[in-house]
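Report on the following structure.
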Amino acid sequence: MALLQISEPGQAPDPHARRIGIGIDLGTTHSLVAAVRHGVAECLPDPSGQVILPSVVRYLEGGGRQIGQEALAAQVTDPGNTIASVKRLMGRSLSDLSVRPPYELLDKPGMVAIGTRAGEKSPVEVSAEILATLRYRAEDTFNADIDGAVITVPAYFDDAQRQATKDAAQLAGLNVLRLINEPTAAAIAYGLDNASEGLFAVYDLGGGTFDISILRLTRGVFEVVATGGDSALGGDDYDRALAQAMAEQAGLGPIGALAPAAQAALLRQARLAKEALSDSQSLQVELELEGRLHRWALQRETLMACTAALTDRTLAAVRRVLRDAQLKPDAIAGVVMVGGSTRMPAVQQAVQAFFGKPPLNNLNPDEVVALGAAISANQLVGNRGGDDLLLLDVIPLSLGLETMGGLVERIVPRNQTIPTAMAQDFTTYQDGQTALALHVVQGERDLVADCRSLARFELRGIPPMAAGAARIRVTFTVDADGLLTVSAQEQVSGVQARIDVKPSYGLSDDEIARMLKDSFATAQQDVQARARLEAQVDADRMILATQSAMAADPDLLSAEEREAIEGLVEALRAVRAGADAAAIEAATQALAQGTEAFAARRMNKGITLALAGKNIESI
Amino acid sequence: MNLQSDDFELFGLQPQFAQDRSVIDERWKQLQRQAHPDRFADQGPAAQRLAMQWSVRINEAHQRLKDPLRRAAYLCQLRGAAVDAHDNTAMPAQFLAQQIEWREALDEAGDMDALEALAEQTRSQRAQGFEHLAHSLDVTGDARQAAGWVRSLMFMERFSQEVDARIDRMGV
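Quick mapping for you: the protein sequence lines, in order, are chains A and B. Count along the first sequence from 1, add 1, and you get the number used in this note's numbering. Count along the second sequence from 1, add 7, and you get the number used in this note's numbering.
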């Protein structure tokens, strides 16, 4: 009988063990977590068997919180402390918001905040509560720590909204592998399931956002050709339109003028009626509002009529995206429907009429995004399986700089494949000018005032020269998550400035630290212990990666180089078991630096092999 | 092969104007399969940084190679006859006269038929321009003459975008 192996304390029992990657669909109305188990992506249920978690957080008397179903149930009785549709507030300032929720919003520089009985809450904190709940669900399911997560965002989210989402995931203690776009995730789940090839449109109408993406699918490559949408249009707006029509019919006037509890009750009733009208043609509804009983007889046509303008807005976005992609509707092989709101027959009919073919909806529109994210996460944590997929996504909105006269100079046009880096030269306006104010904006309009302001920063210390003599090269780098970094350099003197585009709306390190302290996600954990744990996970990952690289390409290292790298690995192992997070991080960093040249050689080898038409795995 | 290789070397293509778009796209995907940061997500920040550099470089080359006009401008530059679109706007008088004529026609075009006719006219002129461009790059090897054609085609491209924009507005 073979002897069983027992690993050394503190070491991974098996370096080749499957690692756990989860996909999270953080939605406006509900959220899901999925993972690949036994080779198949599936949504993970809570103990009662529900996979859907309503994206609602309620702050209770005494510091407690309710998240999900319980909070949703309290929406009508405690509207001021029950936060729903928080996704609409992510990365947004008060002046950006056209629809006011029944809870209190506070005008803060950068991002709006929410006033609750538990004090002021950032939308990032509220989202982190939802994400942490899903993280616990996944940890309980696997009875293990999670190695990493892919979080989905609407394709049409701008830089501020993406950064806020990433902050929330980090606050919830998740290692973010990648932010991926919801339609792309849906295409992964759909495409892999159906072995599809060709051009596909993904029509994603969620609770609060609308996305339309055109993708080309070829042998495991998911190439986004163009994307567009409206990050403030979704099922919520259909509810509101129906609620407004009901209020008018009952002589109640504009719903914004109703008391918060009545407004919440009417919106809830409208949502239920909307959902019921997907299955039946007509419906009787009654509701007691402010002491009076109201009755409505609703037809499917009533809903269609009061929401037709919303559906038309989605089709206008579809038209624009097809124009960007230089395609006619009949070039599209199939239209994938995503998001609960696509269950509405009116939406199905409109999409069918536009594309001239019935949309594809053989996957559950609520689950498909989380499933695609799980497949992606599984690959990104390093579980190489049969599905060798590659995502080539694009940036949804153009990025530019303010120039004289409040005009926008576009640096990165929309629908550019990411990652990307693009540069443009600028010059000074006055003689002897020694500094340059740079204002980074995102959007499609020509005037700065009509675009979204992302960041302002200054390049100082330019040697005095005649106006127009300086050459200032500004480089925009967008990473695979769609997040922007801007750097500027004066070419003659070499003066540099650089910014991760975060300060104008993002959270400062102090704010993050405060939130971590208050957060439910970490309430039970010592912050230091967590830092150590994270440093250890990073160290293990680095050691494992180094070893597998050395095993795969031993010929790329000289004997001395091999010895040097092994020394760094040993040094890292030695500090790894200790309690000093900073020492572990430093040793990990040293190993990363020591292997950089080796990594570059491996990369070159890979590229050369690719040119020879061979795949690394096939050698 | 390194990050400084030119676009054609990087994509393993002959440095000439005539290219098969499907080959360019195929190579692009092959290269990204090897270099995309997602391939190195579990291999530490140094590998991520390198992968990002390669991936950015491959996307840059793809953008330039797939667009015939940018590809031609790039070839002119590689052959020592940079197009210098911003500084060198001296165009032949005959060409400028035609541009003025087209702009007048665009201003006067009152209906869809007139616009479509103008669009068709520019399309055929551009097709001819590209034939001349291909000839001077791939047959006679005259990069200076090719650069002149690139400049003319840039004017024509801008004009036909304006025509398309008018057609779009009328279509709504």
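Idealized CB from N, CA, C, for every residue including glycine. If you're wondering where the values come from, they're calculated on a predicted model, not measured in any experiment.
State the beta-bridge partners of residue i as determined by DSSP.
| i | result |
| --- | --- |
| Thr547 (chain A) | According to DSSP, Thr547 (chain A) bridges with nothing at all. |
| Ile213 (chain A) | A:Tyr204 and A:Gly229 |
| Ala354 (chain A) | DSSP lists no partner for Ala354 (chain A). |
| Leu153 (chain A) | Note on identity: in this sequence residue 153 (chain A) is Thr, with Leu being the wrong assignment. BP columns for Thr153 (chain A) point to A:Asp26 and A:Ile181. |
| Ile115 (chain A) | A:Leu106 and A:Lys122 |
| Phe223 (chain A) | A:Leu218 and A:Leu392 |
| Leu172 (chain A) | The partner list for Leu172 (chain A) (beta bridge, DSSP) is empty, contrary to what the question assumes. |
| Arg411 (chain A) | A:Gly401 |
| Gly199 (chain A) | A:Leu218 |
| Met466 (chain A) | According to DSSP, Met466 (chain A) bridges with nothing at all. |
| Ser32 (chain A) | A:Leu54 |
| Arg59 (chain A) | A:Gln67 and A:Thr83 |
| Met423 (chain A) | A:Phe477 |
Can you pull the chain B neighbours of residue i, defined as C-beta to C-beta under 7 angstroms?
| i | result |
| --- | --- |
| Asp480 (chain A) | Met59 |
| Met543 (chain A) | Gly51 |
| Glu1 (chain A) | Residue numbering for chain A in the displayed model covers 2 to 620; residue 1 (chain A) lies beyond these limits and cannot be assessed. |
| Arg314 (chain A) | Ordered by position in chain B, no residue passes the 7 angstroms Cβ test against Arg314 (chain A), which lies about 14 angstroms from the chain. |
Does the Cβ-Cβ distance between residue i and residue j come in under 9 angstroms?
| i | j | result |
| --- | --- | --- |
| Leu61 (chain A) | Ala133 (chain A) | no |
| Ala263 (chain A) | Glu302 (chain A) | no |
| Gln132 (chain B) | Met98 (chain B) | no |
| Leu623 (chain A) | Thr429 (chain A) | There is simply no residue 623 (chain A) to check, as chain A begins at 2 and stops at 620 in what is shown. |
| Ala188 (chain A) | Leu234 (chain A) | no |
| Ile84 (chain A) | Lys122 (chain A) | yes |
| Asn176 (chain A) | Glu586 (chain A) | no |
| Val319 (chain A) | Leu299 (chain A) | no |
| Asp148 (chain A) | Ile25 (chain A) | no |
| Leu73 (chain A) | Val57 (chain A) | yes |
| Leu82 (chain B) | Gln135 (chain B) | no |
| Lys88 (chain A) | Thr153 (chain A) | no |
| Gly40 (chain A) | Ala190 (chain A) | no |
| Ala265 (chain A) | Pro103 (chain A) | yes |
Could you list which residues in chain A have their beta carbon closer than 9 angstroms to that of residue i, in chain order?
| i | result |
| --- | --- |
| Gln26 (chain B) | Under the 9 angstroms cutoff, chain A gives no residues; its nearest Cβ is about 16 angstroms from Gln26 (chain B). |
| His43 (chain B) | Leu391, Leu392, Leu393, Pro420 and Ala481 |
What would DSSP say about residue i, mapped onto helix, strand or coil?
| i | result |
| --- | --- |
| Ser29 (chain B) | helix |
| Gln300 (chain A) | strand |
| Ala522 (chain A) | Any reading at Ala522 (chain A) is ruled out, since the residue's pLDDT is 45, under 50, leaving its predicted position unreliable. |
| Arg93 (chain A) | coil |
| Thr429 (chain A) | coil |
| Val52 (chain A) | coil |
| His440 (chain A) | strand |
| Pro504 (chain A) | Its pLDDT being 42, under 50, Pro504 (chain A) is placed unreliably by the model, and the measurement read from it follows with that caveat. Coil. |
| Cys83 (chain B) | helix |
| Arg474 (chain A) | strand |
| Phe458 (chain A) | strand |
| Gln67 (chain A) | strand |
| Ile65 (chain B) | helix |
| Thr1 (chain A) | Nothing in the structure corresponds to residue 1 (chain A), since chain A is present only between 2 and 620. |
| Arg453 (chain A) | strand |
| Gln285 (chain A) | strand |
| Glu43 (chain A) | strand |
| Thr129 (chain B) | helix |
At 8 angstroms on the CB atoms, spell out the chain A contacts of residue i, in chain order.
| i | result |
| --- | --- |
| Ser62 (chain B) | Pro420 and Ala481 |
Which same chain residues, not among the five before or five after residue i, have their C-beta less than 7 angstroms away from its C-beta?
| i | result |
| --- | --- |
| Arg602 (chain A) | Leu557 |
| Ala332 (chain A) | Leu200 |
| His139 (chain B) | Trp156 |
| Leu95 (chain A) | Leu106, Asp108 and Val113 |
| Phe521 (chain A) | Low confidence applies to Phe521 (chain A): its pLDDT is 46, below 50, so where it sits in the model is not reliable, and the reading given next is rough at best. Excluding sequence neighbours, Phe521 (chain A) sits near Arg66, Glu130 and Ala133. |
| Met405 (chain A) | Tyr430 |
Show which residues of chain B have a CB atom less than 9 angstroms away from the CB atom of residue i.
| i | result |
| --- | --- |
| Gln594 (chain A) | Ala53 |
Within a Cβ cutoff of 6 angstroms, which residues of the same chain sit near residue i, ignoring the five residues on either side of it in sequence?
| i | result |
| --- | --- |
| Lys73 (chain B) | Ile31 |
| Val146 (chain B) | none |
| Gln282 (chain A) | Arg301 |
| Phe102 (chain B) | Ser159 |
For residue i, I'd like the list of residues in its chain whose CB is within less than 8 angstroms of its CB, leaving aside the five on either flank, ordered along the chain.
| i | result |
| --- | --- |
| Arg241 (chain A) | Val100, Ile256, Leu268 and Ala271 |
| Met604 (chain A) | none |
| Gln525 (chain A) | With a pLDDT of 47 at Gln525 (chain A), under the threshold of 50, the modelled position of this residue cannot be trusted, and the question is left open. |
| Ala44 (chain B) | As written in the sequence, residue 44 (chain B) is Pro, which differs from the Ala given in the question. Excluding residues within five positions, the ones whose Cβ falls inside 8 angstroms are Gln55, Ala58, Met59 and Ser62. |
Residue i touches chain B at which residues, Cβ-Cβ below 8 angstroms?
| i | result |
| --- | --- |
| Ala601 (chain A) | Leu57 |
| Ala546 (chain A) | Asp49, Gln50, Gly51 and Ala54 |
| Gly92 (chain A) | By Cβ distance, chain B contributes nothing, its closest Cβ being about 23 angstroms from Gly92 (chain A), past 8 angstroms. |
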